[in-house]
Every structure is written in C-alpha cells, then in structure tokens.
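Worksheet: the structure to be examined is printed underneath.
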Amino acid sequence: MRLTTKGRYAVTAMVDLALHADRGRIALGEIAERHGISQSYLEQLFAALRKQGLVDGTRGPGGGYQLGRARTEISVADVIDAVDESLDATRCGGKRDCEGGRGCLTHDLWAELSTQIRHYLASVNLETVATQHRTSGEVQILRQWPSASGTLQKPSAA
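Below, the structure written as structure tokens:
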C-alpha cells in the first residue's frame, strides 16, 4: 500500500475543516495556503468528498466548505475511500493473480496488513486527529492497534 498525495491531502484538508469548524464555512484558498496545497487540486478532491456527503459547499461571498457530518462521524478511512485511494497492500489488488494467475507466497500476509490498516483508519475519526493536534501540536494517535478481530489493543513495546 502506498498512500499518495491524493489521500494525504484529502485527510489534511478534512482535519483542517474539523479544526476550524467553529468558524463556519472555510474557503479552499485558506486551506490551500495553510498547508501548501494547490487550490485547484483541493477543488478536485472536494468534488469527490462532496459527492460522498463528507462536506457541504456553498459558492459566492461567505461561501466555502464545512463538514457534512459531525467530526466524530467521519473516519480517516471514509475520507480515503471518498477520493478513491487504495488501502490494499497486495500487489494484485486482492485478486490472487500475482504470479501467473495464482496468488504469491505472501498474498495472505499483505491481505491481512490491508485489513489491519483499514480497521485502524476506520477507528480514527476527524475529531480524534484534530484533538490530538490541538493538545500536542502534532498528530500522534498510534496509542492502540486493532487486533485481527478488530478490537483495539496497546502496541507491544519494541
């Protein structure tokens, strides 16, 4: 799995909206300036986010974007899915045709990694990321890892 700038920028912009939700609608130009992201690129991302109901937008004076649902109801996985970013760590896209029509030796390993990544990102909502940023100035939310069953557990000490 390789999270591209599309997924990273979409999550960054959505966390920005969560952080500034008390101000109402936020212009994409403000988000672009704060994070050094092209405004035209954000417009493309926000079209996809709007289509999935994650943001509401208004044109004109006083226009801009705001979250389409509560910060606690939008997961990082929701954002990544909305912009068609893949969370699949397998080489074959989960089709088991890596090696001449059959699965490679490590297919199940990478498929399980994909599942763990999805569970983790689905367990983290925008409020969690925004709160962590407000309290520490940076995002450090890897306090717990999802187990194979999907429950959260503390990571083992390295």
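Going by the working numbering, the letters in the sequence shown line up with residues 1 to 158, in that order.
The beta-carbon is built from N, C-alpha and C at its ideal position, and this holds for glycine as well.
Cα-Cα separation between residue i and residue j, rounded to whole angstroms
| i | j | result |
| --- | --- | --- |
| residue 110 | residue 63 | 43 Å |
| residue 87 | residue 11 | 14 Å |
| residue 72 | residue 133 | 15 Å |
| residue 66 | residue 91 | 36 Å |
| residue 74 | residue 123 | 10 Å |
| residue 35 | residue 13 | 8 Å |
| residue 58 | residue 21 | 15 Å |
Helix, strand or coil at residue i according to DSSP, with G and I counted as helix
| i | result |
| --- | --- |
| residue 52 | coil |
| residue 128 | helix |
| residue 90 | coil |
| residue 29 | helix |
| residue 75 | strand |
9 Å Cβ cutoff met for residue i and residue j
| i | j | result |
| --- | --- | --- |
| residue 17 | residue 126 | yes |
| residue 49 | residue 68 | yes |
| residue 79 | residue 29 | no |
| residue 19 | residue 130 | yes |
| residue 121 | residue 83 | no |
Exercise for the section: Count the CB pairs spanning the segment 116 to 126 and the segment 34 to 50 that are closer than 8 Å, and state whether there are at least three. Expected result: By the Cβ rule, the segment 116 to 126 does not count as touching the segment 34 to 50, because fewer than three pairs are nearer than 8 Å.
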